[in-house]
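Asks:
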Amino acid sequence: MDATNLAEHLYRKIRQRRDDLQVSLGTGNIGSFDEYRYAVGQVKGLTFVEEELRAAMKHIELEDE
0 MDATNLAEHL YRKIRQRRDD LQVSLGTGNI GSFDEYRYAV GQVKGLTFVE EELRAAMKHI
60 ELEDE
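Anchor point for the sequence shown: position 10 equals 9 in numbering that gives the first Met the number 0, and the numbering is continuous, going up by one each time.
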């Protein structure tokens, strides 16, 4: 698996997990305030990882050119 395929796979997994969490947050499927804080932290963390992965892939693409 090359870096592009790996990145695309990770993007899909990250987005799916983040979307699932956001749906839970939006529909009120969170049972307690602690679970809410955990879910919000997960969304923030997944967003950070996606941004870092995107930046790394952009850097790799620029080096290849």
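Ideal Cβ placement from N, Cα and C applies to all residues, glycine included.
Starting from D19, follow the alpha helix (DSSP H) in both directions and report where the run begins and ends.
Replies: From DSSP, the alpha helix (DSSP H) with D19 extends over A2 to T26.
Asks: List the whole-angstrom C-beta distance separating E49 from I13, where the pair is believed to meet the contact cut-off of C-beta under 8 Å.
Replies: Right, their Cβ atoms sit about 5 Å apart.
Asks: Could you tell me if L45 is buried or exposed, where buried requires 16 or more neighbouring beta carbons within 10 angstroms of its beta carbon?
Replies: When all chains shown are included, L45 counts as buried.
Asks: What is the C-beta distance between L20 and V42, in whole angstroms, given that I count them as a contact (C-beta under 8 Å)?
Replies: Contact holds; Cβ gap of about 5 Å.
Asks: Might you give, ordered along the chain, the residues of its own chain that have their beta carbon closer than 7 Å to the beta carbon of I59, omitting 5 neighbours on each side?
Replies: Here the set comprises A2.
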